[in-house]
C-alpha cells in the first residue's frame, strides 16, 4: 500500500493505519505501537525495553496525531509499558483538537480493556452452581394428616360420649349427627392447619 493511501486511511480514523504510521516513525527507537479505538477515542500503547519516556513519546505521538487531523477522533489515551508486561507504567490523555494535555498519570495496573489482552477461555472461572432444592416428600404430609385425623376422631367420639349422657336412649340419630358434625369440624381445622405453608427463614 502506498504511503499516501495509508495516510488517507489514518485520517479517516482506521486504527491499523495509524499503528502502521506510528511504528514506521518509532522503529528506530525500538518502540512498538498498538492502536485501538472506542467511542471516538484512540487508545495507543507504546512498548519498549525499558518503557518509553512519558514526556518525550507522548508528546511525539500527540504531535503526529494532530498533523493527521483525524476527523472522527477528538481524544487519545497514550499508554507506556515494558515489552511483554501487562501492567502500564504511565498514561497520558491528549486532545487532538488542541495542543492540550488533558491528564498525565503513572500507575501499575492496566486501565483499559481496549488495550489489555483478553483472558483465555480456560482461565475464566465459572460461578459455582447451587444444588437444586429437594421437593418436600408427600408421605410426610399424609402421615401428618393421618395422625391428625385419628386425633380428631378420638376427640369427636369423646365429645359424643359426654353429650350422650344428657340424651335419651332413643336419640341415636341425634348422636350420629353430632358425631359426624364434630368430626367434620375438627377435621376441617386440622386440614387448614396442615395446608398452611411452612415458615421459611431467610
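Residue numbers (full-length UniProt numbering): 1 to 202.
Glycine included, each C-beta is placed from N, C-alpha and C at the ideal position.
Could you tell me which residues DSSP pairs with residue i in its beta bridges?
i	result
residue 46	33, 80
residue 95	75, 100
residue 85	The partner list for residue 85 (beta bridge, DSSP) is empty, contrary to what the question assumes.
Do residue i and residue j have their C-beta atoms closer together than 7 Å?
i	j	result
residue 15	residue 40	no
residue 10	residue 96	no
residue 7	residue 42	no
residue 48	residue 78	no
residue 33	residue 17	no
residue 80	residue 46	yes
First and last residue of the alpha helix (DSSP H) that includes residue i?
i	result
residue 25	15 to 26
residue 104	No alpha helix (DSSP H) contains residue 104, which is instead part of the beta strand (DSSP E) from 100 to 106.
residue 67	54 to 68
residue 2	No alpha helix (DSSP H) contains residue 2, which DSSP labels as neither H nor E.
Roughly how many whole angstroms lie between the Cα atoms of residue i and residue j?
i	j	result
residue 94	residue 64	12 Å
residue 3	residue 13	15 Å
residue 103	residue 38	18 Å
residue 109	residue 44	For residue 109, the predicted model reports a pLDDT of 47, less than 50, meaning its position is unreliable; a value from the coordinates is still stated below. Near 16 Å, if we compare the C-alpha coordinates of residue 44 and residue 109.
residue 1	residue 28	21 Å
residue 118	residue 144	Its pLDDT being 36, under 50, residue 118 is placed unreliably in this model, and the coordinates cannot settle the point.
residue 209	residue 21	Past the edges of the chain, shown from 1 to 202, lies residue 209, and the structure says nothing about it.
residue 24	residue 61	12 Å
residue 85	residue 99	30 Å
residue 101	residue 5	29 Å
residue 106	residue 71	29 Å
residue 82	residue 75	24 Å
residue 56	residue 31	12 Å
(message) With three or more C-beta pairs closer than 8 Å as the rule, is the region 51 to 61 touching the region 77 to 91?
(response) Short answer: they touch.
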